[in-house]
Structures are given as structure tokens and as C-alpha cells.
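Residue numbers (this note's numbering): 1383 to 1763.
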């Protein structure tokens, strides 16, 4: 029994001592080693899947902004235009008309009264000679008729003014195609009178009357002239022939007429550069433009544009232009902003050329064929 107990104790001692010795051999003396970390297992990455081949459509260039054509307008016809604009003309000419009516309506007219009537006519740019003629005619008829009612005075004054304006002068515009060629209208005048605007407005008058129009931008010295004329043409669907800035005006006019013949239009309107009447070279060039046009077509109208506010100065311009080109008609602009409507009488008397068009405002349709009766009625109110 004692040998059995001794054997068990010896076994226990040996087992414990072996365990301690094993631990010390791994961690060094006096240190217990922590259990090893679990190993990191590195697995090979699975084979990458092949990317699907995606076929993309070729990129298209960005679409250009669509060009929006300007809306084509249908202007009113020329018939009755001056009647529709009478009120505007009457407001600007009321000083002349009412002044004359007030003086002639007096019970007794003295020499001073007649002198005042003459001064009033002269101040309205009627001109000295025509004013004296009107006064003499009025004076004679008033003396014969004796006392007159206001209506009779007005009728008498109207008769004299219409007679001086010249109701029988040919005022029709020659704008119809003939002989297989379009009618050609040249628009001339000095700087600032409104030639380009008048050319554009005239195109509206003709389109309103059912005509096909082509515009020629022969004012190549003013950068904005061609652009301005193009805008006018686009509004009514009229083609515009233009050249580079500073190019030969005669060549542009020639090409415009040539294109007008090819297109079969009714009228070709040629807008020329502003000509200072003191520069002989420029006036000679204007004659050149006309001669070049006539190599393929007849120039049917030469319209001289005059600013009504310039008064008698416009007569000096008119004389010089009449020497260079054969003026067939006058377009008076800015007649709504002046009380000097008597220039209609004086310029016609000076040149023997009728006023055919009048500008009565800034609106696109404020250009009207001139009617002597309607004009005088507007002046007298």
C-alpha cells in the first residue's frame, strides 16, 4: 500500500515538472508565450470575368440652331395712304393753314394784312415768287367776291394752293416691268435725308400693291446701309443684292439689275450712297451708276429724297442733282415734323419735277404717294 501511494505521487510530480519545463523552453525564462495567431489564408482571386464589349453609336455633332426665317409682312396698298395719314400731317401744318384762314376771314383786309399773308407763305418755304403770285390771286378774287363766309374763304384758299402745287403734274411711279425687264428706280440724295429708309419703305408700298421687288444696296460706303436695307427686304420677302463694304457701287447696281432680270421681278430699287453736292467726284460717280445700269435696262425713275426740314437748302441740293441725273420725281421726308410744307410748291416750281412721295412719320408704312388735294386739305384742317 505504501508503495502504491509513493508511485502515484512520483507520477504526479514528473507530469507537472515536464509541463513547466516545456512552457519555459518556448517563452524564455519567466515568460509564458501566448498561443500562436491563426494563420492568414491567402486564396487566389477568382478569374476576372471578361468585360462585355459594348458597341456605342458614334457621337453626333451638336445640331446647329435652326435659322428662323423672319415673318413676312403684308403691307397695306398705296391707295388711300395719304388720306389715312392726314391727321398726322394736319397737326404739323396747322400753323400755316390756320394762320391763312384766320387772316382771310377778317371783315376788311388792309395792305398790312396782305403783307402778313405773304410773310406767312414765305416762312412756310413756299418761296418768294410763288407767295406773291398766290397773294395777288387771292387779293383779286377777294375784291371781286366782296364779303365771304369762312367756308368760302377756305374754298378760295384751297383752290389757290392746289393750283400752285400743280394737280396736273404726272405723279405716277413707273414701277411696272416692260420689255422683259423690270422697272429700275434709283434713289438719290445727300447724306441724312433718309434714302435707305425711303428705299425700304418704297419696297413696302410696291409689295402692298402686289409687285415683286428686288433691292440693290449700292450704298457701299456706309457700313450699316446694306444691313438696314436687308432688314427692310426681309420684312416683305424682297431679295437684296449687296457687295463687300467699299466695293464699286456701279458694279453692285449692275448685279442687282441683272439678278432682277433673271428673277423676273417687277421693280428693282437701287439705294445709292449719300452724295455731298459740294464733292464733284461723288456726283460724277452717281452718273456712272446710272450709265452702268443702262447697259442692260432702262432707269425708269430717279427719285431725289429731300428732307422737308431743310427748307430752301433742299433746293440747292435739287439743282445739283438735276444737273447730274435726270430726276423724275421727289420724295419729301420728315414732312410730319415741320410747318414748312410749302417746299412742295417751291421745289416743283424750281425743277419742274413733281413730288411723288411724302414721308409722314417713322413707321414702316408712313410713306405715301403724294396727292395735292389731300395734302392741302390736311394743311387747312
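We put the CB at the ideal spot given by N, CA and C, even for glycine. Only a predicted model underlies this, so the values are computations on that prediction, with no experimental measurement involved.
Alpha carbon of residue i to alpha carbon of residue j, nearest angstrom
i	j	result
residue 1810	residue 1760	A question about residue 1810 goes unanswered here, because the residues of the chain that appear run from 1383 up to 1763.
residue 1733	residue 1553	14 angstroms
residue 1611	residue 1527	54 angstroms
residue 1607	residue 1762	37 angstroms
residue 1680	residue 1560	10 angstroms
residue 1596	residue 1675	14 angstroms
residue 1546	residue 1758	11 angstroms
residue 1743	residue 1644	35 angstroms
residue 1718	residue 1625	34 angstroms
residue 1549	residue 1577	26 angstroms
residue 1748	residue 1582	11 angstroms
residue 1531	residue 1543	19 angstroms
residue 1574	residue 1511	29 angstroms
residue 1464	residue 1750	5 angstroms
residue 1707	residue 1715	20 angstroms
residue 1697	residue 1482	24 angstroms
residue 1466	residue 1609	30 angstroms
residue 1669	residue 1701	15 angstroms
residue 1479	residue 1500	13 angstroms
residue 1692	residue 1705	20 angstroms
residue 1496	residue 1523	13 angstroms
residue 1525	residue 1493	13 angstroms
residue 1642	residue 1619	14 angstroms
residue 1462	residue 1470	14 angstroms
residue 1562	residue 1515	46 angstroms
residue 1519	residue 1551	21 angstroms
residue 1779	residue 1584	Nothing can be reported for residue 1779: it is not among the residues displayed for the chain, which extend from 1383 to 1763.
residue 1623	residue 1498	52 angstroms
Helix, strand or coil at residue i [DSSP, three-state]
i	result
residue 1621	strand
residue 1727	helix
residue 1530	coil
residue 1649	strand
residue 1777	What is shown of the chain runs 1383 to 1763, which leaves residue 1777 out entirely.
residue 1591	coil
residue 1599	strand
residue 1634	helix
residue 1689	strand
residue 1681	strand
residue 1565	strand
residue 1627	coil
residue 1394	Note that residue 1394 scores 48 on pLDDT, short of 50, meaning its location in the model is unreliable and no value can be drawn from it.
Proximity of residue i and residue j at Cβ, strictly below 9 angstroms
i	j	result
residue 1682	residue 1556	yes
residue 1699	residue 1572	yes
residue 1684	residue 1672	yes
residue 1513	residue 1503	yes
residue 1517	residue 1703	no
residue 1521	residue 1485	no
residue 1656	residue 1604	yes
residue 1621	residue 1615	yes
residue 1602	residue 1631	yes
residue 1634	residue 1690	no
residue 1741	residue 1579	yes
residue 1646	residue 1678	no
residue 1746	residue 1586	yes
residue 1489	residue 1529	yes
Any C-beta of chain B under 9 angstroms from that of residue i
i	result
residue 1525	The displayed structure is made up of one protein chain only, and chain B is not part of it.
Three or more C-beta pairs below 8 angstroms linking the stretch 1746-1755 and the stretch 1532-1539: no
Stretch-stretch touch, CB-based, cutoff 8 angstroms, three pairs: the stretch 1636-1649 with the stretch 1546-1566: yes
The stretch 1710-1730 in contact with the stretch 1501-1515 per 3-pair CB rule at 8 angstroms: yes
The stretch 1662-1670 / the stretch 1641-1651 touching (three or more Cβ pairs under 8 angstroms): no
Touching by the beta-carbon criterion (3+ pairs, under 8 angstroms), the stretch 1453-1470 and the stretch 1572-1590: yes
Three-pair Cβ contact test at 8 angstroms for the stretch 1709-1716 versus the stretch 1736-1744: yes
3-residue-minimum beta strand (DSSP E) runs that sit fully inside the stretch 1488-1533, ordered along the chain: none
Within the stretch 1703-1762, ranges of the beta strand (DSSP E) (whole runs, at least 3 residues): 1711-1715, 1737-1741, 1749-1751
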